[in-house]
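*Asks:* One structure coming up, written as C-alpha cells, with questions to follow.
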Amino acid sequence: MASASDMNFGDMLDAVGEMLGPEDLALAHGTRRTYWPDFTARSNRLARNLREMGIETGDKAGFYLRNQPEYTEALAACFKGRFTHVNVNYRYLADELFYIFDNSDAAVVFFDAQFTDQVELVRGRLPKLKAWVQIGGGDVPDWAVDYDCLAADGDPSPLGIDRSPEDLFFLYTGGTTGMPKGVMWSQSVWRQASREGAEKAGLPYPSTMEEFKMAVQLMGKTARQVPACPLMHGTGLFTAMGALLGGGAIITLEQNTSFDPENLWETVSEHGVTSMAIVGDAFGKPMLKALDDNPGRWDVSSVQTIVSSGVMWSAEVKQGLLKHMPQAAMMDSFGSSEAVGFGSSTTTLEGGTQTSKFEIGPNCKVFSEDDREIVPGSGEAGIIARGGAVPLGYYKDEAKTATTFRTINGVRYAIPGDWCTVEADGTISLLGRGSNCINTAGEKVYPEEVEEALKEHAAVKDALVVGVPDEKWGNAVTAVVSTDSEVSEDELRSFVQSRIARYKAPKSVLFKDDLGRAPNGKADYKSIKAFALDKLGISQ
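All the letters of the sequence shown, read from the start, carry residue numbers 1 to 540 under the UniProt record's numbering.
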C-alpha cells in the first residue's frame, strides 16, 4: 500500500476521479461550471493527447495564463501525464518570455488567446518547443493547436502509466534579484512539507492511499477555494494544489485582469466559499473596504480560512475582516518560492499576533551570517533557514543553488535571504529580505518595518521604502507613498518617528498615485528607487 511520501499527484487525482460524482463541483469561473467526472475526463484526454503528440515524461510545460479553469485542468493533466509545470508571469514581454521558455527548456506552452501577439514575437526563437496550445479566442493560428480539442476528443479513461513521487514541478521566482530562477520541487518534498505543517498544527495527515481516500470523502466535497491571487505565483498555486488534490473545488474570479474585491465577495456568497488565498494588505485592505462600505450585502458566513503569504498583512486589517466573519481564521504564512513553512500566525476573534510576527515553522532555524544559531531574546538579527522538506535547487543554476541551498552542521537548508529576530518566547519577527536592507549611518534599516509604520496612518493607502545615495548618511531612507486623503511629508515623518526609532524614519517622503505592485502584491523596488532618484534629482 502506497505511503504518503510514495503517492504521486496523478495517482491521487485518479483516485479522486473515481470517488466523486456529477454533483461534485471541481471548477467554477463566472457562469462556467465543471464537475468532477468532466474534469477527470478532460484532464485525462489532455494528458493522453499531449503524450501522443510527443510530449514525454519530464518535459516542461509553460503556463502563460491568467487565473482561469484551464490553468487547473492543464495542471492536473501535467500531473497525470508526468509533465513538469512551469509558471509564467503573464505581465512579461517578449524578451522575458523568451528567457523563461528557453531557460526552462519548455516543450509545450499553454497560452491564452489574448497573449497571441506576444507569443508570435518569441516562437521563432524557440525551435525546440514541440507544441503551442491556445486557450480561448476565435481562430487558432496554424502553428498552434486548440486546447478544447485536446481536452474534448479521445479516450477519457485514466492513462494507466507508472508514475513517480519524484516527478517534478517548477516554480520560477519573481526575479526581484536578477533573472527568475526555476525552483525544482519534487512531489514527495511538497507532500513532506504539507505533512510537517499539518503535524505541527496537530492535524491528521493521510499516510496511506486508503487514508487519503477517506479524507477526500470527509472533507473534499465541502471544500471550495478561491485563489484570489495569481496562480502563476506560489501562494495561489500551492493553496490551489492542496484543494485540488483533496477533491475540493477551485473557483477562479471572473474579473481576472485586476483584483476586484466586490467580484470576490460576490463569488464567496454565490458558491459558499470556505477558503481563499490572498497576498497581504494589497488584497486585504480593498477587501475590508468593500465589506465596510456595503454592510450585509454579501453572505460571508461560509468562510473558514483566509490564507496570505508573500507580503505584509497588518493586524488591523485582519481584525477588521474578522468583524465581518467572526467564524473565520486569518492564517498568515511566511515562505518563499524556495521554501514553505518558515513561520505562521493565526488570528481569530479570540486573539492573534502582531504584524510580521510568526511562530517558527518545523525544521527551521535562524542563523547569523557566520552560521551561528541566533539566541532567542538576544535582539540579534539573523537569516531564517528551512531544513527538512527542501527543493532540489534551481534548474540549470548550480552556482545560485550552492548559495541558497546550503548545509550547516550536517543539515541541508533553504536560505533565500529573509532576515528576522528571534524573540524570547521563540517566535520570530520578520525584518525583510536582506537584499533590500538599507545601510544608513552605520545602522541597518529594513524597509518592511518602516512601510508597516507608514501604513498605520489613516491617510496612507500603500507605502514602499528604499535607500538613496546621500553624502551625510551613506544611504538615506526614502519613502514613496500613495494616499487616500491629503497629508504632509512632515506629518508622515513625525508619525513614523512616534512608532519606531528615529533613525529608521524616512528623510524624504514622496507621493505617487500607483506604486506599481505586481498582481501578487509584490513590490518592484527597482522602479520605486528609480522614481525616487528622479524626483530627488540624484544621478546614479
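Where a beta carbon is used, it is the ideal one built from N, C-alpha and C, also for glycine.
If I follow the unbroken alpha helix (DSSP H) through A240, where does it start and stop?
*Replies:* 234–245
*Asks:* Hey, A77 and L46 are a contact pair by Cβ (cut 8 Å); roughly how many whole angstroms apart?
*Replies:* Contact check for A77 and L46: beta-carbon distance about 4 Å, within the 8 Å limit, so the pair qualifies.
*Asks:* Confirm, please, whether the CB-CB distance from M287 to V226 is below 8 Å.
*Replies:* no
*Asks:* If we count the other Cβ atoms within 10 Å of its Cβ and call it buried at 16 or more, is M1 buried or exposed?
*Replies:* Because the pLDDT of M1 is 39, which lies under 50, any placement of that residue in the model is unreliable, and the number read from its coordinates should be weighed accordingly. Classification of M1: exposed, given that the 10 Å Cβ count is below 16.
*Asks:* Measuring straight from C-alpha to C-alpha, what distance separates E270 and T116?
*Replies:* 33 Å
*Asks:* For R191 and M241, what's the separation of their Cα atoms in angstroms?
*Replies:* 11 Å
*Asks:* Secondary structure at A106, three-state DSSP: helix, strand or coil?
*Replies:* strand
*Asks:* How many Å lie between P204 and A198 at the Cα?
*Replies:* Roughly 7 Å separates the two Cα atoms.
*Asks:* Would you kindly work out how many angstroms separate the C-alpha atoms of A61 and L75, rounded to a whole number?
*Replies:* 9 Å
*Asks:* Write down every uninterrupted run of the beta strand (DSSP E) in the region 408–437 whose length is 3 residues or greater and which is fully enclosed by it, in chain order.
*Replies:* 411–414, 418–422, 428–433
*Asks:* Are residue 558 and N363 closer than 8 Å when you measure CB to CB?
*Replies:* Summary: the structure shown does not reach residue 558, with the chain confined to residues 1 through 540, and so no result is reported for it.
*Asks:* Buried or exposed: which applies to G296, given that a residue is buried once 16 or more other Cβ atoms fall within 10 Å of its Cβ?
*Replies:* Within 10 angstroms of the beta-carbon of G296 lie fewer than 16 other beta-carbons, which makes it exposed.
*Asks:* Looking at the structure shown, is E486 part of a helix, part of a strand, or coil, going by DSSP?
*Replies:* If DSSP states are grouped into helix, strand and coil, E486 belongs with coil.
*Asks:* Return the first residue and the last residue of the alpha helix (DSSP H) that R224 is part of.
*Replies:* Element bounds for R224: not the alpha helix (DSSP H) but the beta strand (DSSP E), 224–227.
*Asks:* Enumerate in chain order the residues of its own chain whose CB-to-CB distance from D59 is below 6 Å, with the five nearest sequence positions on each side excluded.
*Replies:* F83, A107
*Asks:* Measure from the alpha carbon of E489 to the alpha carbon of each residue in A476, L510, V477, then state which is nearest.
*Replies:* L510
*Asks:* In this structure, does DSSP put G136 in helix, strand or coil?
*Replies:* coil
*Asks:* Drop a sphere of 10 angstroms on the beta-carbon of K323, count the other beta-carbons inside from all chains shown, and report buried for 16 or more, exposed for fewer.
*Replies:* exposed
*Asks:* Using 8 Å as the cut-off, can you tell me whether the region 303–311 makes contact with the region 326–344, which would need three or more C-beta pairs spanning the two stretches below that distance?
*Replies:* Judged by Cβ distances under 8 Å, the region 303–311 makes contact with the region 326–344, as three or more pairs qualify.
*Asks:* With 16 other CB atoms within 10 Å as the buried threshold, where does S3 fall?
*Replies:* With a pLDDT of 49 at S3, under the threshold of 50, the predicted position of this residue should be treated as unreliable, though the coordinate-derived value follows. Answer is exposed; the Cβ neighbour count stays below 16.
*Asks:* Kindly confirm or deny that the region 234–249 and the region 308–323 touch, where touching means at least three C-beta pairs closer than 8 Å.
*Replies:* yes
*Asks:* Would you kindly work out how many angstroms separate the C-alpha atoms of A315 and P519, rounded to a whole number?
*Replies:* 22 Å
*Asks:* Within the continuous alpha helix (DSSP H) that includes F212, where are the two ends?
*Replies:* 209–219
*Asks:* From which residue to which residue does the beta strand (DSSP E) around F259 run?
*Replies:* Counting along the chain, F259 falls outside any beta strand (DSSP E), and DSSP gives it neither H nor E.
*Asks:* Starting from the Cα of E70, find the closest Cα among P416, I251, S429 and give me that residue.
*Replies:* I251
*Asks:* Taking the Cβ atom as the reference point for each residue, do M7 and F259 lie within a distance shorter than 8 Å?
*Replies:* No, Cβ-Cβ distance for M7 and F259 is not below 8 Å.
*Asks:* When DSSP labels each residue in this structure, what does M276 get in the three-state scheme?
*Replies:* strand
*Asks:* Candidates D484, D514, V480: which alpha carbon is nearest S508's?
*Replies:* Closest option to S508, Cα to Cα, is V480.
*Asks:* Do the region 136–152 and the region 11–30 touch if we need at least three Cβ pairs shorter than 8 Å?
*Replies:* no
*Asks:* Look up T72 in the DSSP assignment and give the residues it is bridged to.
*Replies:* DSSP, once it has assigned bridges, lists no residue as partnering T72.
*Asks:* If distances are taken between C-alpha atoms only, which option among S485, V466, A458 comes closest to T440?
*Replies:* V466
*Asks:* Along the chain, where does the beta strand (DSSP E) containing F169 start, and where does it finish?
*Replies:* F169 -> beta strand (DSSP E) spans 168–172.
*Asks:* Classify D332: buried if its beta carbon has 16 or more other beta carbons within 10 angstroms, exposed otherwise.
*Replies:* buried
*Asks:* Decide if A290 is buried, meaning its Cβ has at least 16 other Cβ atoms within 10 Å, or exposed.
*Replies:* buried
*Asks:* Note down the Cα distance separating G174 from D155, rounded to an integer number of angstroms.
*Replies:* 38 Å
*Asks:* By the DSSP assignment, the beta strand (DSSP E) with E443 in it spans what residues?
*Replies:* 443–445
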